[in-house]
Amino acid sequence: MEELDCKEKRKQLIRDTKTSLILDAALEVLSQKGYYETRLEDIAEKAGFSKSALYRYYKDKDEIFLTIAVRERNRVYDKLTTDPQYQLDKQLHISENLRRFLSAAFTMWGEYFSFILTLNSFQVFSLIDQLQNQDELMEIERDFLCTESKFEELMTEIFDNAKKKGEITTSLSSALIYDFLQGLVFTKVKNWYQQKNMGDINESIDEIVNFIGKGIGF
């Protein structure tokens, strides 16, 4: 029995390694070509798989795309909640928490211009609407929406706390401030994409924090 458990664990480890390899390759290809131009053949070639082998792990490009969307959001969320360098803390001033949020987002996502821009478009939610009746993808859809909800809850708590401490004077809701922040992040990433060059992260953070500070009063 124990030997069977070990075999199953090895099998799962191999599968996890291969799926991670596929997702890493897909992220690169999607970032270079964009969602519509990317083919399964491109992802398979980048990952070192045949197209038929790829189907053993993912049924189509949509499933890969949504899985990456969940993974990349969760990676940043984990940074903001567990990594001492980026972890948000209600004891810190709102400006420092904003810097940590932006640093995590730009460090993790900055080089993947095209993919991150797709995440901010209608594409993800359009896919979710289309896939509502596909049982095999419903778990991924739920994971994505759950991740979005976790992000909003985390950031609105930070903004609510800053209001209580008198660090923010605006009457705007915390949810609206978070939407505003997301918009600034994606605008910056779009600028980098158009320039085909990632700008200086620290300068970008200073620019956004100063801009938000003037808007919400800190």
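Each residue of the sequence shown is one higher than the last, beginning at 10 in this note's numbering.
The beta-carbon is built from N, C-alpha and C at its ideal position, and this holds for glycine as well.
Spanning the alpha carbons of Tyr44 and Lys173 requires a straight line of approximately 42 Å. From the listed residues Thr196, Ala56, Thr165, the smallest Cα separation to Ile103 is found for Thr165. Secondary structure at Phe74: helix, using DSSP grouped into helix, strand and coil.
Nearest Cα to Pro93 within the set Gly57, Val79, Phe110: Phe110. Cβ contact annotation for Val79 (same chain, cutoff 7 Å, sequence separation greater than five): Ile149, Asp152, Phe153, Thr156, in chain order.
Judged by DSSP secondary structure, Arg108 falls within the alpha helix (DSSP H) whose first and last residues are 103-118. Assignment of Ile177 by DSSP, reduced to helix, strand and coil, places it in the coil class. In this structure the region 189-197 does not touch the region 64-81; the number of beta carbon pairs closer than 8 Å is below three. A distance below 6 Å between beta-carbons, with the five flanking residues on each side excluded, links Leu30 to the following residues of its chain, in chain order: Ala56. According to the DSSP assignment, Leu190 belongs to the alpha helix (DSSP H) that extends over 183-204.
In the DSSP assignment, Gly222 falls within the unbroken alpha helix (DSSP H) covering 210-225.
Per DSSP, the unbroken alpha helix (DSSP H) holding Glu54 starts and ends at 49-56. When the five nearest sequence neighbours on each side are left out, the beta carbons in the same chain lying within less than 7 Å of the beta carbon of Ala35 are those of Ile52, Ile73, Ile77, in order along the chain. Proximity to Gly224 across Leu185, Gln41, Ser61 peaks at Leu185, based on C-alpha coordinates. Ile177 places its beta carbon less than 8 Å from that of Phe227. When rounded, the separation of the alpha-carbon atoms in Arg82 and Ile217 is 20 Å.
In the structure shown, Arg151 adopts helical secondary structure according to DSSP, grouped into three states.
Distance check between Leu75 and each of Leu89, Glu105, Phe124 places Phe124 closest, using alpha-carbon atoms only. In the three-state reduction of the DSSP assignment, Leu22 falls in the helix class. Between the C-alpha atoms of Val85 and Trp118 there is a straight-line separation of about 9 Å.
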